[in-house]
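In full-length UniProt numbering, the protein residues as written are 1 to 356. Backbone N, C-alpha and C fix where the C-beta goes; we use that ideal spot for every residue, glycine too. What you are looking at is a predicted structure, and each value in this text was computed from that prediction instead of being measured. One structure below.
Here it is, written out as structure tokens:
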């Protein structure tokens with residue numbers, strides 16, 4: 001079909017109008033923010049598709065700190081198509097975490113967290129509701145009560161003593177430097193393993209594999225999933241192998257925890273209702289399997305609930321503890337006077353303990 005020059009000239013104004021309207025719509029879609037209807041926090045200019053992702057560097061915390069100096073302690077950033085409020089002041093954090101806790105009770109999830117954290121059956125990512133209240137009650141009243149934590153004191157003391165002897169032995173044998181990160185991580189993992197599962201796995205092949213899986217698990221949780229922010233780029237996760245890596249880690253951790261839980265049940269500790277009588281020897285797994293088998297309490301949890309809680313304990317208790325220990329030692333080494341003061345206080349306390 002052919003058109004004359006006159007027909008084309010008549011059609012051009014209509015075409016220009018369509019292009020202009022499309023361009024105006026595009027600008028309004030990405031740059032116009034109606035302030036009359038929404039009282040949103042200050043926000044830096046965003047770009048199409050990426051939003052504010054281009055303003056984040058590898059050191060995300062420093063990028064956010066720099067933006068907060070310009071836009072205030074509460075600002076709105078767009079990570080792809082995800083609007084995100086960034087809070088960087090104690091007052092604003094208290095307002096969100098305490099005063100308006102119910103409004104912000106639900107945690108944002110993603111395909112990665114759903115796969116790794118048993119689809120929200122753990123306590124940290126479970127949606128606010130009756131199930132979450134049950135898990136919170138179990139954690140607060142039975143797993144992490146003051147009395148329960150005190151029963152693990154001997155575990156902490158034994159593992160600390162073993163660590164000191166190990167470090168002293170290495171120093172006596174060789175003059176090589178001590179890997180502070182490694183020994184702090186080892187201490188935290190051993191204490192958590194004994195408190196959560198009743199034994200440590202650092203010297204077993206399966207246990208070492210599990211601890212390596214936990215490290216990879218933490219790395220995957222910390223990684224940015226492109227598909228969550230820009231959905232039409234989710235294919236990148238499959239091509240790059242990220243999705244396969246997530247599935248592999250989730251499957252292997254599940255298999256390890258299933259084996260540990262089944263071993264506890266097969267040992268008869270909780271299967272027939274004969275839980276360990278001495279509270280000092282009860283670990284998290286003992287308590288959780290007791291609740292799992294006891295149908296008379298009105299509290300119902302599944303195996304995935306047990307696994308999710310145990311994963312929360314390991315993820316929340318290992319890296320954070322070892323990082324605090326490592327940086328505490330680092331700061332003490334950087335400040336010799338404080339180190340000397342602390343050593344004197346420890347020696348004085350040892351003297352008082354010896355006298356008593």
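Strand pairing of residue i, partner residues [DSSP]
{"i": "residue 51", "result": "47, 79"}
{"i": "residue 329", "result": "Partner(s): none; residue 329 has no beta bridge."}
{"i": "residue 84", "result": "77"}
Start-to-end residues for the alpha helix (DSSP H) that takes in residue i
{"i": "residue 293", "result": "284 to 293"}
{"i": "residue 337", "result": "336 to 355"}
{"i": "residue 65", "result": "60 to 71"}
{"i": "residue 304", "result": "303 to 317"}
{"i": "residue 240", "result": "235 to 240"}
{"i": "residue 94", "result": "90 to 94"}
{"i": "residue 224", "result": "Unbroken run through residue 224: none, as it is neither H nor E."}
{"i": "residue 99", "result": "Careful: residue 99 lies outside any alpha helix (DSSP H) and carries neither H nor E."}
{"i": "residue 116", "result": "111 to 116"}
Neighbour flag for residue i against chain C, beta carbons, 7 Å
{"i": "residue 253", "result": "Here there is only one protein chain, and chain C is not present."}
Cβ neighbours of residue i in the same chain (closer than 8 Å, five flanking residues each side left out)
{"i": "residue 208", "result": "201, 202"}
{"i": "residue 233", "result": "226, 227"}
{"i": "residue 325", "result": "184, 187, 188"}
{"i": "residue 336", "result": "none"}
{"i": "residue 112", "result": "220, 221, 223, 225, 228, 246"}
{"i": "residue 238", "result": "244"}
{"i": "residue 240", "result": "none"}
{"i": "residue 87", "result": "73, 74, 93, 96"}
{"i": "residue 249", "result": "116, 213, 216, 217, 220"}
{"i": "residue 302", "result": "121, 292"}
{"i": "residue 44", "result": "52, 55, 67, 70, 71, 75, 77"}
{"i": "residue 404", "result": "Since the first residue shown for the chain is 1 and the last is 356, residue 404 is missing from the structure and cannot be characterised."}
Same chain only: Cβ atoms within 7 Å of residue i, ignoring 5 sequence neighbours per side
{"i": "residue 272", "result": "Any reading at residue 272 must be qualified, since the residue scores a pLDDT of 44, below 50, and its modelled position is unreliable; no value is offered."}
{"i": "residue 106", "result": "127, 128"}
{"i": "residue 122", "result": "308, 309, 311, 312"}
{"i": "residue 118", "result": "304, 307, 308"}
{"i": "residue 191", "result": "155, 156, 159"}
{"i": "residue 83", "result": "76"}
{"i": "residue 321", "result": "188"}
{"i": "residue 359", "result": "The chain is shown from 1 up to 356; residue 359 falls before or after that span and cannot be answered."}
Own chain residues within Cβ distance below 6 Å of residue i, not counting five before or after
{"i": "residue 92", "result": "73, 74"}
{"i": "residue 139", "result": "123"}
{"i": "residue 142", "result": "287"}
{"i": "residue 278", "result": "For residue 278, the predicted model reports a pLDDT of 47, less than 50, meaning its position is unreliable and no value from the coordinates is stated."}
{"i": "residue 132", "result": "126"}
{"i": "residue 253", "result": "213"}
{"i": "residue 236", "result": "226"}
{"i": "residue 35", "result": "Low local confidence applies: a pLDDT of 49 at residue 35 is under 50, so the model's placement there is unreliable, with the coordinate-based value given in what follows. Excluding residues within five positions, none has a Cβ falling inside 6 Å."}
{"i": "residue 211", "result": "189"}
{"i": "residue 19", "result": "none"}
Next item on the list: With a floor of 4 residues, list each alpha helix (DSSP H) that falls wholly inside the region 119 to 144, ordered by position along the chain.
Entry: Every alpha helix (DSSP H) stretch that sits fully inside the region 119 to 144 and reaches 4 residues is listed by chain position as 130 to 138.
Next item on the list: Would you list, in sequence order, the uninterrupted alpha helix (DSSP H) runs of no fewer than 4 residues that lie entirely inside the region 137 to 213?
Entry: Entirely contained in the region 137 to 213, the alpha helix (DSSP H) runs reaching 4 residues are, in chain order, 146 to 151, 153 to 173, 180 to 197.
Next item on the list: Pair every Cβ in the region 184 to 199 with every Cβ in the region 317 to 325, then say whether three or more of these pairs are closer than 8 Å.
Entry: Contact between the region 184 to 199 and the region 317 to 325 is present: three or more C-beta pairs spanning the two stretches fall below 8 Å.
Margin query: Could you check whether the region 141 to 153 touches the region 254 to 264, counting it as contact only if at least three pairs of C-beta atoms, one from each stretch, sit closer than 8 Å?
Written below: Segments in contact, no.
Margin query: Across the region 339 to 355 and the region 151 to 170, are there enough close Cβ pairs to call them in contact, namely three or more that are closer than 8 Å?
Written below: Result no; under three Cβ-Cβ pairs closer than 8 Å.
Check: Do the region 38 to 53 and the region 76 to 88 touch if we need at least three Cβ pairs shorter than 8 Å?
Finding: Taking 8 Å as the limit for Cβ pairs, the verdict is that the region 76 to 88 does touch the region 38 to 53.
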